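Student:
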Amino acid sequence: MQEIHYNPDIYAKSTEIIKAIYGPDASFRDGQYEAIEATLTHNRTLVVQRTGWGKSLVYFVCTKLIREQKRGVTMVVSPLLVLMENQIDAAQKMGLRCDILNSTVKDRREDILASLEQDELDLILVTPETLFSDDVQKRLKNIRIGLFVIDEAHCISDWGHDFRLEYGKLKTIIQQLPPNVPILATTATANDRVVTDLRSQLGNNVFVSRGPLTRESLYIQVLNKPDRIERYAWILENILKLDGSGIIYCLTQRDCDYLADFLIKNGISAAAYYSRAGEDGNSIDREIEENFRNNKLKVIVATIKLGMGYDKGDIAFVIHYQMPSNIVSYYQQIGRAGRNLDRAYIFLMYGKEDEEILNYFINTAFPTEQETESIMQYIGSNDGVKENEIISTLNIRNTRIKKALSFLQNDGFIRKDKSYYYLTPKKFVYDREHYEMVTAIRRQEVEQMKCLVSTQECFSRYIVSCLDDKTAHNCGHCANCLGKEFLPSAVSSKFINMDR
176 MQEIHYNPDI YAKSTEIIKA IYGPDASFRD GQYEAIEATL THNRTLVVQR
226 TGWGKSLVYF VCTKLIREQK RGVTMVVSPL LVLMENQIDA AQKMGLRCDI
276 LNSTVKDRRE DILASLEQDE LDLILVTPET LFSDDVQKRL KNIRIGLFVI
326 DEAHCISDWG HDFRLEYGKL KTIIQQLPPN VPILATTATA NDRVVTDLRS
376 QLGNNVFVSR GPLTRESLYI QVLNKPDRIE RYAWILENIL KLDGSGIIYC
426 LTQRDCDYLA DFLIKNGISA AAYYSRAGED GNSIDREIEE NFRNNKLKVI
476 VATIKLGMGY DKGDIAFVIH YQMPSNIVSY YQQIGRAGRN LDRAYIFLMY
526 GKEDEEILNY FINTAFPTEQ ETESIMQYIG SNDGVKENEI ISTLNIRNTR
576 IKKALSFLQN DGFIRKDKSY YYLTPKKFVY DREHYEMVTA IRRQEVEQMK
626 CLVSTQECFS RYIVSCLDDK TAHNCGHCAN CLGKEFLPSA VSSKFINMDR
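Heads up: take any position in the sequence shown, counting from 1, add 175, and you land on the numbering used here.
What follows is the structure in structure tokens.
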């Protein structure tokens, strides 16, 4: 980690803030104060620290100090609704006036924007999709920003495991902000390649806070389970042997539904959790989150929607029903467990079918040249077209059209005005070389996961080494280090028969 020259005034005020909230014995974790001072004095800061380290505390304390100086609101760009709700709770405990801007607050949106324009909020959490909506963009010039935070910043980089198109647009905001507005980017999962990319996007003189990534509370075991019957049977036989509540991760929504239904039918309190559309979907999500937070559910069966930032300190286990697509995504997901516990158990199942699913995701990640050219030609031959017109006219699946429109808009080849798409003056070029390069990296990441499930070395050491952590070491307590299983991988026949 880079060194800073301690500012005694900032240190005294920062320490006073955390002691007032957490008690007289409260102190910063390694690197937290340095990140706070760097944010306030260097203007461009990148924090890469392990899950559970407390990255949000950095921008909460910065917000308190910035607002004391009568400077503007802290704007935190955050990718997930569930992550926002966690952060709102934490910010309010810090005494911050805060709110959210996302799809769940449409009825309050105008009031929230007015509060921002009148400088009545200390902190606002906003999804990138909402930030780039027409009404918010028009009002942005009236909002005085004191600190701009990009949470889960790896989403900016398309070299990262979880690139989001809307996140990619944030570089335009970065370029438009006055040079005296601090920018803080935080993530737990950025290897050297992603860190280099993020530094280039944040601008000159970036302070990087990068700490050790090993999570000592995680006890990892890998299970070779080639088919659904064995996986269901193992989960049913063992889930009640695990204390507390936990998460089972699946690659698809369908698998979440099937597995949750199976567990419920066998007397296990479970719920499927993934991205659901519309207000009803948001309501279902909130009910599940609340039940899980209050330990009314033994397990949530989730997609990657619950893979970043979700903070429930007593999650005692994480099970992967299928092998994730890459190490960094896996690290994020297992990082939900054991935050306030001395020990949490991590089980990773894998089989050949997992690779087939992952290859499908890789092969369909980018729009094809034919798809994009067809859409560009159709938009160009009309004076503004709606998405449903494109869907009804072209012989391309709905999901593929939506993906292609997002890419074309993000790359500046088309623009959207209200519900209509138009061509821009920018000449269309299909970036085949870049897409092929990213696809090759995604295939390498799957190979890394295949090495993880077959390695004889310490699981934890292998994982953080893949994240370019130079402090990687044997954990001493994973199944490989101990040379024994925490729970037997073999399944008794009575449980196998229960799934037939």
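In this text, a Cβ means the ideal position worked out from N, Cα and C, and glycines have one as well. Just so it is clear, the structure is predicted and the values come from calculations on it, not from any experiment.
(1) Between K400, L417, E412, D460, which has its C-alpha nearest F437's C-alpha?
(2) Within a Cβ cutoff of 7 Å, which residues of the same chain sit near S667, ignoring the five residues on either side of it in sequence?
(3) Considering only C-alpha positions, which residue in the set L388, I331, Q497 is nearest to P401?
(4) Given that a residue counts as buried once 16 or more other Cβ atoms are within 10 Å of its Cβ, and exposed if not, what is H495?
(5) Drop a sphere of 10 angstroms on the beta-carbon of D274, count the other beta-carbons inside from all chains shown, and report buried for 16 or more, exposed for fewer.
(6) When DSSP labels each residue in this structure, what does H336 get in the three-state scheme?
(7) Could you check whether V236 and I192 sit closer than 8 Å to each other, using their CB atoms as the reference points?
(8) Can you name, in chain order, every residue of its own chain whose Cβ lies under 6 Å from the Cβ of L298, other than the five neighbours on each side?
(9) For a test of the three-state rule: what should DSSP assign to F670, helix, strand or coil?
(10) Can you give the Cα-Cα distance for K625 and Y485, rounded to whole angstroms?
(11) Whole angstroms are fine: how far does the CA of R314 sit from the CA of N355?
(12) At what residue ranges does the segment 244-295 contain a whole run of the beta strand (DSSP E), taking only runs of 3 or more?
(13) Assuming Y234 contacts L359 under a Cβ cut-off of 8 Å, what Cβ separation, rounded to an integer in Å, is found between them?
(14) Could you tell me the distance, in whole angstroms, from the CA atom of A195 to the CA atom of K188?
(15) Taking all protein chains shown into account, decide if P183 is buried (16 or more other Cβ within 10 angstroms of its Cβ) or exposed.
(16) May I have the straight-line CA-CA distance separating I443 from Y407, to the nearest angstrom?
(17) What distance in whole Å lies between the Cβ atoms of V222 and T361, which are believed to be in contact at a cut-off of 8 Å?
(18) Between the Cα of Y506 and those of L398, M551, D432, S640, spot the shortest distance and give me the residue it belongs to.
(19) Could you tell me the alpha carbon to alpha carbon distance between T190 and V369, rounded to whole angstroms?
(20) Would you mind giving the Cβ-Cβ distance between S581 and L340, rounded to the nearest angstrom? I have them listed as a contact below 8 Å.
(21) Which residue from D558, P542, S556 puts its Cα closest to that of T579?
(22) Less than 8 Å between C-beta atoms, sequence neighbours within five positions excluded: which residues of the same chain meet that for K669?
(23) In whole angstroms, what separates the C-alpha of L516 from that of Y595?
(24) Give the DSSP-derived three-state secondary structure of R511 in the structure shown.
(25) So the alpha helix (DSSP H) A435 belongs to, where does it begin and stop?
(26) Going by the beta-carbon positions, is the gap between I554 and L569 smaller than 8 Å?
(27) Look at the alpha carbon of Q207 and the alpha carbon of S231, and state the distance between them as a whole number of angstroms.
(28) Is the closest heavy atom of the ligand MN to the C-beta of L377 under 7 Å?
(29) Could you give the distance in angstroms between the alpha-carbon of E454 and the alpha-carbon of T279?
Tutor: Judging by the given coordinates:
(1) Looking at K400, L417, E412, D460, the one whose alpha-carbon comes closest to that of F437 is E412.
(2) Contacts found: E412.
(3) Comparing Cα positions, the closest option is Q497.
(4) Result: buried.
(5) By the C-beta density criterion, D274 is buried, having at least 16 other C-beta atoms within 10 angstroms.
(6) At H336, the pLDDT of 49 sits below 50, so the modelled position is not reliable; the number obtained from the coordinates is stated separately. In the structure shown, H336 sits in coil (DSSP, three-state: anything other than H, G, I, E or B).
(7) Contact annotation: I192 and V236 have beta-carbon atoms nearer than 8 Å.
(8) Scanning its chain for C-beta atoms nearer than 6 Å, with the 5 sequence neighbours on each side dropped, one finds around L298 the residues T238, T249, A266, L271, C273, in chain order.
(9) Correct three-state label for F670: helix.
(10) The C-alpha of K625 lies about 26 Å from the C-alpha of Y485.
(11) Straight through space, the alpha carbons of R314 and N355 are spaced by roughly 21 Å.
(12) List check, beta strand (DSSP E) in window: 248-252, 273-276.
(13) Between L359 and Y234 the Cβ distance is about 6 Å, and since that is below 8 Å, they are a contact.
(14) Answer to the nearest angstrom: the Cα atoms are 11 Å apart.
(15) Label assigned to P183: exposed.
(16) Taking the straight line from one Cα to the other gives about 13 Å.
(17) About 4 Å; that satisfies the 8 Å criterion.
(18) Selected option, being the one with the closest Cα: S640.
(19) Whole-angstrom Cα-Cα distance: 32 Å.
(20) The pair is a contact, with the Cβ atoms about 5 Å apart (cut-off 8 Å).
(21) The question names Thr, but residue 579 in the sequence shown is Ala. In terms of CA proximity to A579, P542 leads the group D558, P542, S556.
(22) If we look at K669 and ignore the five residues flanking it on each side, it has no Cβ neighbours.
(23) Those two C-alpha atoms are separated by around 51 Å.
(24) Three-state result, R511: coil.
(25) Annotation: the continuous alpha helix (DSSP H) that includes A435 extends over 428-440.
(26) Not in contact: I554 and L569 (Cβ atoms no closer than 8 Å).
(27) If you take the alpha carbons of Q207 and S231, they lie about 10 Å apart.
(28) Summarising the ligand content, the structure contains no ligands, and the ligand MN is consequently not present.
(29) Note that E454 scores 49 on pLDDT, short of 50, meaning its location in the model is unreliable; the coordinates nonetheless yield the value given after this. For E454 and T279, the distance between alpha carbons rounds to 7 Å.
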